[in-house]
Amino acid sequence: MSLLLMIFGAVLVAFLIAFVIVKYLPLKLRWLPSIILLVAAIFLGIKIYDGIMEPIVFNKEKVKKYQPVVNSLKIIRDAQVKYYEVNGTYNDNKAGLIRFVDTARLALTETKTVVERVNTGTKYNPIYVDQEVRVTDTIGYEPVLKYFKDRDYKNMFKVPGVEGKEFEIEVGSIEKIPGLVVSTFRVRTPKADILKGMNESLIKQELEVKETNQIRGEYVSVGSLEEISTGGNWPPSYDKSKGAKKQ
Numbered sequence: 000m001s002l003l004l005m006i007f008g009a010v011l012v013a014f015l016i017a018f019v020i021v022k023y024l025p026l027k028l029r030w031l032p033s034i035i036l037l038v039a040a041i042f043l044g045i046k047i048y049d050g051i052m053e054p055i056v057f058n059k060e061k062v063k064k065y066q067p068v069v070n071s072l073k074i075i076r077d078a079q080v081k082y083y084e085v086n087g088t089y090n091d092n093k094a095g096l097i098r099f100v101d102t103a104r105l106a107l108t109e110t111k112t113v114v115e116r117v118n119t120g121t122k123y124n125p126i127y128v129d130q131e132v133r134v135t136d137t138i139g140y141e142p143v144l145k146y147f148k149d150r151d152y153k154n155m156f157k158v159p160g161v162e163g164k165e166f167e168i169e170v171g172s173i174e175k176i177p178g179l180v181v182s183t184f185r186v187r188t189p190k191a192d193i194l195k196g197m198n199e200s201l202i203k204q205e206l207e208v209k210e211t212n213q214i215r216g217e218y219v220s221v222g223s224l225e226e227i228s229t230g231g232n233w234p235p236s237y238d239k240s241k242g243a244k245k246q
């Protein structure tokens with residue numbers, strides 16, 4: 000909108016200058032407005048170029064800023080998933096979650112089908128038949144740390160590019176079906192903190208974005224407190240870009 004107003008204003012000023020030249024300016028001085036118009040045209044051209052390029056540059060820069068944030072959220076997400084596998088719930092204690100990655104072990108199980116003789120009759124009139132039964136046995140353990148090799152899980156709660164800022168982490172629960180309560184979690188950080196120092200008008204637009212090919216809303220987040228989800232609110236492009244670490 001400001002760019003359109005600038006163009007409209009420039010056209011109006013040019014018209015007024017032309018009117019003054021024709022109506023009032025002596026012939027020998029008409030070269031002076033030409034110089035002024037030339038300088039104004041160059042200035043306006045630069046402003047129009049900047050106005051066109053600024054959103055393009057903003058979009059490129061925001062992706063560069065968001066990408067390491069998304070990478071850290073993936074590490075936190077994976078730590079929460081492993082914690083859930085062991086404990087059946089999620090953890091909002093940051094130091095505890097890091098300690099879990101360092102020390103916890105996951106059970107390795109094997110499920111097989113065996114044939115058992117089962118009494119389908121009564122205690123006093125037994126009738127034994129062979130039935131196939133699935134049995135799960137623990138055959139060993141593996142460290143959780145194995146899944147975080149070459150990943151900076153020690154600093155996963157620090158928001159990349161934002162000095163002194165850590166991710167917000169919350170856990171909750173929802174009733175999936177009557178009588179079945181399931182644990183949930185959400186980790187997030189405000190976009191405004193990540194984009195601080197960039198064009199304020201474009202940041203405001205970014206906080207209101209709803210397109211599915213963008214990071215929607217005011218936060219970069221993973222998980223949900225309202226539904227059962229371990230997904231992030233970023234589009235697939237953040238998983239495919241060159242800056243996306245293998246997570």
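Residue 220 in numbering that gives the first Met the number 0 sits at position 221 of the sequence shown, and the numbers go up by one each step. Backbone N, C-alpha and C define an ideal beta-carbon position, used for all residues, glycine too. Keep in mind it's a predicted model, so treat the numbers as computed, not measured.
Taking C-beta separations shorter than 8 Å and ignoring five residues to either side along the sequence, the partners of V68 in its chain run V158, P159, G160, T188, I193, V219, following chain order. Distances from the alpha-carbon of D129 to those of L206, L144, E115 put E115 closest. Taking C-alpha positions only, G95 is separated from K190 by approximately 26 Å. Straight-line spacing of the CA atoms in F57 and K63 works out to 10 Å. Residue state for I168 is assigned as strand, using DSSP reduced to three classes. Within the stretch 104-165, the complete beta strand (DSSP E) segments at least 3 residues long are 104-118, 127-142, listed from N- to C-terminus. Boundaries cannot be given for T88, as no beta strand (DSSP E) includes it and DSSP labels it neither H nor E. Closest in C-alpha terms to G231, from the list R215, S240, K239, comes R215. In its own chain, leaving out the 5 sequence neighbours on each side, no residue places its CB closer than 7 Å to the CB of Y123.
Secondary structure at L179: strand, using DSSP grouped into helix, strand and coil.
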